[in-house]
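Numbering (the working numbering), first residue to last: 14 to 636. Backbone N, C-alpha and C define an ideal beta-carbon position, used for all residues, glycine too. None of these values were measured; they are calculated from a predicted model.
Right, here's the structure in full:
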């Protein structure tokens, strides 16, 4: 008997039951404990792709603020009232940031002049107090203003006046924290203006303008709260960072260099990212670990292994400096403050080491297969004696790409991007795989569509059920990519598409699937016996203490009657995600796929009966 939480939920499932297939599928959950499941089974993978870091979850809102990358130019900037803008490398802010913005004003100019920055194709304004920081150089004594204004409506959401006393011989830093007004508009720009009469016939230099909303957990240089809350609400258990292709870089010089992502923002040169745009690296090593701290995520650190996306393989003696670089990174992360790198970490604000357990050597090194056996062995043999408790993970899956013999204590990272039909076929993929080495599925997700559709999300759930059934072998799973700035992405679909307004976030059907699984993790698996085979309904059972959790997916256009027997359980919570149109997808054009409907369900003789709608994912949780 289902006790519905809303009339809408009741109507939806009653309509589904009208077309239910003849004959119920009966499942009996064993009371015997099976394999222990991983405590970090369902996690999160992040790299800066699709403007998911800069312009995404990282809080800083002004684009191209440090003029970093290969050819920064004046991207995102425009002149106000006839000023002339140019990138000037002759007046550096710091060694790491040699480029600054020169703003020249014609002789005889009057009124307000300056420059504008469109942000990452709009600046989201969430109504919280915003922190603004900027460096200014040049002769100026007077007021300046920074303004947040819609391009289309001219509405103003912040207008802050501050006094500037600057000289030509050095940069002077200015900081304000001021209130803003919430807006749902996606075309707000940042405007910096000054009295043109005070600068007429000369120039001012501006460097590293920064604008942050009140960040997630009020962190300095922290995360954007709207997107951080969406990620946090998934309920994941680990965070894999910093990638991904972005770890490897488009070439060796532009790999992710951990030691250039720490310390003051003025000391971070940034790099040309792997996905076609510069990375500021303001979201650096410390910020990733703070992200883990604030969301209670197990940090899963990926380190550079000597292969970059231009096909460069680093081997032999040439690899040694890169091995040393990783050893220094690990000392920075794990060493106490008496070590050289641990002391540097403490100087940068973190006294205690971070609790890293997982370290992956490289990313998708099947592409660097010919040299990976040598490279993996070099890193493994250097790391293992110093850090015997670390779980080291290989990034190649083909055994011809791994050293022979391959260490029994090492894990393997397997990535599975696929189409729905193949996820169904691969449900049982791991049933008969050797248990010698354990695996992480650190990247998975549907491809070939712009937005996750319900068909694809159900197929992902089917594949994940197969992984959960083999959780003695599979120790963690993560969907990728995590975030995407719509209209500026390099990959689709993505778990959380967004536009530049605080409320312009899309919760895809795949998001709800990931949340359902993450919020219903277990300690051990339980065998299920059935009078039916798998397909179109697939299932898995785990328990967490005394709570039994049965996850199901119906990959079919017809509803299915389910009878599930769990001995000694009388009441359960039933969560169902469904839509009868397999091609339906949530997007900024609309969200036809509602969040999971949650109801209470009573058993009859230990038997829970309910209908699984077409194209649905369900979780039955019996406490």
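Quiz item: How many Å lie between residue 119 and residue 206 at the Cα?
Solution: Between the alpha carbons of residue 119 and residue 206 lies a distance of about 15 angstroms.
Exercise. May I have the straight-line CA-CA distance separating residue 401 from residue 374, to the nearest angstrom?
Key: 15 angstroms
Practice problem: Spell out a yes or no on whether the segment 521-532 and the segment 32-52 are touching, meaning 3 or more CB-CB pairs, one atom from each, closer than 8 angstroms. | Solution: no
Exercise. Compute the distance between the beta-carbons of residue 320 and residue 381, then report whether it is under 8 angstroms.
Key: yes
Quiz item: Taking the beta strand (DSSP E) that residue 55 falls in, what are its first and last residues?
Solution: 55-58
Quiz item: With 16 as the cutoff for other CB atoms within 10 Å, does residue 266 come out buried or exposed?
Solution: exposed
Quiz item: What's the gap between the Cα of residue 213 and the Cα of residue 122?
Solution: In this structure, the alpha-carbon of residue 213 lies about 5 angstroms from that of residue 122.
Quiz item: residue 145 and residue 177: beta carbons closer than 8 angstroms?
Solution: no
Quiz item: Which ranges would you report for the beta strand (DSSP E) in the segment 535-589 if only whole runs of at least 3 residues count?
Solution: 537-539, 541-543, 550-557, 560-567, 573-578
Self-check item: Pair within 8 angstroms by beta-carbon distance, residue 497 and residue 510
Solution: yes
Self-check item: Under 8 angstroms between C-beta atoms of residue 259 and residue 437
Solution: no
Quiz item: When the Cα atoms are used, what is the spatial distance from residue 483 to residue 280?
Solution: C-alpha separation (whole angstroms): 46 angstroms.
Quiz item: Within the chosen definition, does the segment 88-100 reach the segment 292-299 through at least 3 CB pairs nearer than 8 angstroms?
Solution: no
Exercise. With DSSP collapsed to three states, give me the class of residue 148.
Key: strand
Quiz item: Would you call residue 412 buried or exposed, if buried means 16 or more other Cβ atoms sit within 10 Å of its Cβ?
Solution: exposed
Self-check item: residue 389 versus 404, 409, 371, residue with shortest Cα-Cα distance
Solution: For residue 389, the nearest C-alpha among the options comes from 409.
Quiz item: Any idea if residue 577 is buried or exposed, counting beta-carbon neighbours within 10 angstroms, 16 or more meaning buried?
Solution: buried
Quiz prompt | Three-state secondary structure assigned by DSSP to residue 439 | solution = helix
Quiz prompt | Secondary structure of residue 452, DSSP reduced to three states | solution = strand
Quiz item: Within 7 angstroms: the Cβ of residue 40 and any heavy atom of the ligand GDP?
Solution: Because no ligand of any kind appears in the structure shown, any question about the ligand GDP cannot be addressed here.
Practice problem: Could you have a look at residue 339 and say whether DSSP puts it in helix, strand or coil? | Solution: Assignment of residue 339 by DSSP, reduced to helix, strand and coil, places it in the helix class.
Quiz item: Could you give the distance in angstroms between the alpha-carbon of residue 626 and the alpha-carbon of residue 162?
Solution: 47 angstroms
Quiz item: Does the count of Cβ pairs from the segment 591-609 and the segment 464-474 closer than 8 angstroms reach three?
Solution: Enough Cβ pairs lie closer than 8 angstroms, so yes.
Quiz prompt | Inter-stretch contact at 8 angstroms, needing at least 3 Cβ pairs: the segment 512-521 / the segment 135-149 | solution = yes
Practice problem: Report yes or no: do the segment 150-161 and the segment 533-550 share at least 3 C-beta pairs separated by less than 8 angstroms? | Solution: With fewer than three CB-CB distances shorter than 8 angstroms, the segment 150-161 does not count as touching the segment 533-550.
Quiz prompt | residue 425 vs residue 454 beta-carbon contact at 8 angstroms | solution = no
Quiz item: Using DSSP with H/G/I as helix, E/B as strand and the rest coil, what is residue 431?
Solution: strand
Self-check item: CA nearest to the CA of residue 71, picked from 51, 242, 475, 447
Solution: 242
Practice problem: For residue 271, collect the residues of the same chain with a Cβ closer than 6 angstroms to its Cβ; drop the 5 residues on either side in sequence, then sort them by chain order. | Solution: 298, 342
Quiz item: Looking at the structure shown, is residue 360 part of a helix, part of a strand, or coil, going by DSSP?
Solution: Here residue 360 sits in helix by DSSP.
Self-check item: Terminal residues of the beta strand (DSSP E) in which residue 510 lies
Solution: For residue 510, the uninterrupted beta strand (DSSP E) segment begins and ends at 509-511.
Quiz item: Does DSSP put residue 317 in a helix, a strand or coil?
Solution: coil
Practice problem: Report yes or no: do three or more beta-carbon pairs, one from the segment 52-67 and one from the segment 558-570, lie closer than 8 angstroms? | Solution: no
Quiz item: Looking at C-alpha atoms only, which residue of 533, 97, 240 is the closest neighbour of residue 216?
Solution: 97
Practice problem: Tell me, please, which residues DSSP counts as bridged to residue 253. | Solution: Under DSSP, residue 253 forms a beta bridge with 58, 313.
Quiz item: DSSP three-state call for residue 403: helix, strand or coil?
Solution: coil
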